[in-house]
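Going line by line, the protein sequences match chains A and B.
So in the numbering used here the end of the first sequence lands on 105, straight run, no missing numbers.
So in the numbering used here the end of the second sequence lands on 144, straight run, no missing numbers.
Each residue gets a CB set at the ideal place from its N, CA and C atoms; glycine is no exception.
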Amino acid sequence: MEDVAGIFVGALAIVVLFIGLPWLIFHYITRWKTAATLTTDDEKLMEELYDLARRLDDRMCSIERIMTAENPNWRAVACDPAATGIEDLTASTHAAKRIGQ
Amino acid sequence: MTARHTKFYLDKQNGKFMGVCAGIADYTGVDVTLVRVGTVLLTVLGSGMTIIAYLVVGWIAPKKPRELRDETPEQTKFWQGVRASPARTVRDVRSRFRDIDRRLAEVETYVTSSNSRLAREIEQLR
Numbered sequence: 005m006e007d008v009a010g011i012f013v014g015a016l017a018i019v020v021l022f023i024g025l026p027w028l029i030f031h032y033i034t035r036w037k038t039a040a041t042l043t044t045d046d047e048k049l050m051e052e053l054y055d056l057a058r059r060l061d062d063r064m065c066s067i068e069r070i071m072t073a074e075n076p077n078w079r080a081v082a083c084d085p086a087a088t089g090i091e092d093l094t095a096s097t098h099a100a101k102r103i104g105q
Numbered sequence: 019m020t021a022r023h024t025k026f027y028l029d030k031q032n033g034k035f036m037g038v039c040a041g042i043a044d045y046t047g048v049d050v051t052l053v054r055v056g057t058v059l060l061t062v063l064g065s066g067m068t069i070i071a072y073l074v075v076g077w078i079a080p081k082k083p084r085e086l087r088d089e090t091p092e093q094t095k096f097w098q099g100v101r102a103s104p105a106r107t108v109r110d111v112r113s114r115f116r117d118i119d120r121r122l123a124e125v126e127t128y129v130t131s132s133n134s135r136l137a138r139e140i141e142q143l144r
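So this is what it looks like as structure tokens:
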């Protein structure tokens, strides 16, 4: 009885060591290889987009500064649909008066 | 072969011994002192594996290429973010573009509406 149990445990150990373990390792190796990684092109693209965003941001800031210097409440005029006055003549004159103040 | 930003390099300039700790700090964005203290603690508390790992890394890992050495702090931070999570960096850049789009739309609305207003005022003056 003892011998049978010993053989069984030994067989189990061999199976785990020589089939289970490599299986586990290769499973994670394939997983790791298929995982998305950044290529050189991706890196370049990322850098370019980041730079572009930064430059556009700077330009946008300077334009907004110029607009604010010209007309401090331009933002309110642009956001308020009634004040845009594209459709409505009275609304547009109203907005023009408000700007004139 | 251009220098890659997402690889691990030894940072010999800021390093004390082989530049492994400084390289780890540069790669992850964690403070150098913290990395060094962590390494020493691991060595003292654990087995001597840290020393072997340190020497192996210091021997195998390449030095930091010249063109990567003179980058601005902002660039360093950006690439640390990319290494930590590329997806988050992409989302950040996208949100920046969206922000720019929104602000540009505001300016456009103002300019077009004020132009039409100006045209109407000229009409009225006639």
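Cutoff 8 Å: residue i Cβ touching any chain B Cβ
i	result
residue 189(A)	Outside the displayed span of chain A (5 to 105) sits residue 189(A), for which this structure offers no information.
residue 38(A)	no
residue 42(A)	yes
residue 57(A)	yes
residue 67(A)	yes
Outcome for residue i when other beta-carbon atoms lying within 10 angstroms are tallied against a minimum of 16
i	result
residue 144(B)	exposed
residue 103(B)	exposed
residue 128(B)	buried
residue 30(A)	exposed
residue 67(B)	exposed
residue 43(A)	exposed
Contacts of residue i in chain A (Cβ-Cβ under 7 Å)
i	result
residue 96(B)	54
residue 24(B)	42, 47
residue 42(B)	By Cβ distance, chain A contributes nothing, its closest Cβ being about 19 Å from residue 42(B), past 7 Å.
Residue i: contacting residues in chain B (beta-carbon distance under 7 Å)
i	result
residue 78(A)	128
Partner residues on chain B for residue i, Cβ-Cβ distance less than 8 Å
i	result
residue 6(A)	Going along chain B, no residue has its Cβ under 8 Å from residue 6(A), so there is no contact; the nearest lies around 37 Å.
residue 81(A)	128, 131, 132
Same chain only: Cβ atoms within 6 Å of residue i, ignoring 5 sequence neighbours per side
i	result
residue 43(B)	50, 53
residue 121(B)	none
Cβ of residue i within 8 Å of any chain A Cβ
i	result
residue 89(B)	no
residue 46(B)	no
residue 124(B)	yes
residue 140(B)	no
residue 115(B)	yes
residue 121(B)	yes
residue 104(B)	yes
residue 68(B)	no
Sequence-distant residues of the same chain with beta carbon closer than 7 Å to residue i, five excluded per side
i	result
residue 45(B)	26, 101
Residue ranges of each alpha helix (DSSP H) within the segment 64–129 of chain B, 4 or longer: For the segment 64–129 of chain B, whole alpha helix (DSSP H) runs of length 4 or above, ordered along the chain, are 67–78, 84–87, 91–102.
Minimum length 4: unbroken alpha helix (DSSP H) runs contained in the segment 14–52 of chain A: Runs found: 25–38.
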